[in-house]
Amino acid sequence: MTISKRNWHPYGWRSEIAIACTSLITAVFVLCAPALATQHPPDASIGAPAPDPAPPSEIRRRPSHLSRVVVPFASSYEAGTILVDTRGRRLLRVLSPTRAVQYPIGVGRQGFTWTGELPVSRKASWPDWRPPKEMRQRDPRLPAFMQGGPKNPLGARAIYLGETLYRIHGTNEPGSIGRAVSSGCFRMFNEDIIDLARRTPVGTRVVVFDRLTQTAASPIRKPTLSPPAPLLPKLGNDKAQPSPLPVPLETDGEILMP
Numbered sequence: 000m001t002i003s004k005r006n007w008h009p010y011g012w013r014s015e016i017a018i019a020c021t022s023l024i025t026a027v028f029v030l031c032a033p034a035l036a037t038q039h040p041p042d043a044s045i046g047a048p049a050p051d052p053a054p055p056s057e058i059r060r061r062p063s064h065l066s067r068v069v070v071p072f073a074s075s076y077e078a079g080t081i082l083v084d085t086r087g088r089r090l091l092r093v094l095s096p097t098r099a100v101q102y103p104i105g106v107g108r109q110g111f112t113w114t115g116e117l118p119v120s121r122k123a124s125w126p127d128w129r130p131p132k133e134m135r136q137r138d139p140r141l142p143a144f145m146q147g148g149p150k151n152p153l154g155a156r157a158i159y160l161g162e163t164l165y166r167i168h169g170t171n172e173p174g175s176i177g178r179a180v181s182s183g184c185f186r187m188f189n190e191d192i193i194d195l196a197r198r199t200p201v202g203t204r205v206v207v208f209d210r211l212t213q214t215a216a217s218p219i220r221k222p223t224l225s226p227p228a229p230l231l232p233k234l235g236n237d238k239a240q241p242s243p244l245p246v247p248l249e250t251d252g253e254i255l256m257p
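In structure tokens:
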């Protein structure tokens, strides 16, 4: 009698089924493995920048008067220049001689406003905050240092102005946008400061007006800082240390944030 290879196999037909199943599982794993690796790279988070967390308080519909909009605006400033209208509580980024992007901002409270022109000296993502000593003396609850993050008063980005303590930055209090509550810095919604920071290179001109009108938009002379900005004194090692912001006579017990 002739024995076929099928009948001769020592494990019989059950072994063939097992082998077929194993081959099928292996094929499925091979096909799926690249997709799984793409979705969950094992070391993708190592050394990668931290994602931008979206503060829940900003995930809402804005009032119409606090929208970011492109507006007609005639000026002789070159594209990219930033103009701040303190009384109007708005910031304009010039697009062309006839248009600008308008952002709502929070400005300095009484005694903390200023006017003048400064260049953008640097930018920071989710910056740390070091409240000035005088601010902490008024309220001992304030920390000497606060790491950057959604709870930090400086918000998602900071644009530093010259060698001063003045900044254009985000906020952890979106309800303060459109109000005069800061210590001289300009606050923006976090999504707005992220947009502005990525469009604003170091060296950009920032001109701060008390009230910005079409006439004031084309000054014939360079404005001066009034009152003088708090400077970052240069030390022997060329590292800058912050000096305190000017303090108004009356603070009404409020905690003055940047």
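All the letters of the sequence shown, read from the start, carry residue numbers 0 to 257 under numbering that gives the first Met the number 0.
Every residue, glycine too, gets a C-beta built ideally from N, C-alpha and C.
Requested in this report: Please report how far the alpha carbon of VAL83 lies from the alpha carbon of GLY202, in whole angstroms.
Outcome: For VAL83 and GLY202, the gap between their C-alpha atoms comes out near 16 Å.
Assuming contact is defined by CB atoms lying nearer than 8 Å, are GLY107 and SER175 in contact in what I supplied? The Cβ atoms of GLY107 and SER175 do not sit closer than 8 Å to each other.
**Asked** Which residue's Cα is closest to the Cα of LYS132: TRP125, LEU141 and SER124?
**Response** Nearest of TRP125, LEU141 and SER124 to LYS132, Cα basis: LEU141.
Straight-line Cα distance separating PRO103 from SER66:
CA-to-CA, the gap between SER66 and PRO103 works out to about 7 Å.
(message) Considering just the uninterrupted stretch of the beta strand (DSSP E) at ASP84, what are its terminal residues?
(response) Note, ASP84: beta strand (DSSP E), 81–84.
What number of angstroms, rounded off, separates the C-alpha of ALA47 from the C-alpha of ILE167?
Any answer about ALA47 is weak, because its pLDDT of 36 lies below 50 and its placement is not dependable; what the coordinates show is given next. ALA47 and ILE167 have their C-alpha atoms roughly 26 Å apart.
Reduced DSSP category for GLN101 - H, G, I as helix; E, B as strand; rest coil: Strand.
Practice item. Return the bridge partner residues of HIS64 from the DSSP annotation. Key: The bridge partners DSSP lists for HIS64 come to none.
Residues in the same chain with beta-carbon distance under 8 Å from ALA143, minus the five sequence neighbours each way, listed in chain order, please. These residues qualify, in order along the chain: ARG129, PRO130 and ARG135.
How about SER63 and ALA78: are their beta carbons less than 8 Å apart?
Contact: no.
| message | With H, G and I counted as helix, E and B as strand and the rest as coil, what does DSSP make of SER181? | response | The answer is strand: DSSP assigns SER181 an E or B state.
Answer yes or no: do ARG198 and ARG92 have a C-beta to C-beta separation smaller than 8 Å?
Yes, Cβ-Cβ distance for ARG198 and ARG92 is below 8 Å.
- Query: PRO149: which of THR170, LEU164 and TYR159 sits nearest, CA to CA?
  - Reply: Of THR170, LEU164 and TYR159, the smallest CA-CA separation from PRO149 is found for THR170.
Any idea what DSSP makes of ARG140, helix, strand or coil?
-> Coil, per DSSP.
Note to self: Once the 5 residues before and after VAL68 are set aside, which same chain residues still bring their CB inside 8 Å of it?
What the structure shows: So the list reads VAL100 and GLN101, once near-sequence residues are dropped.
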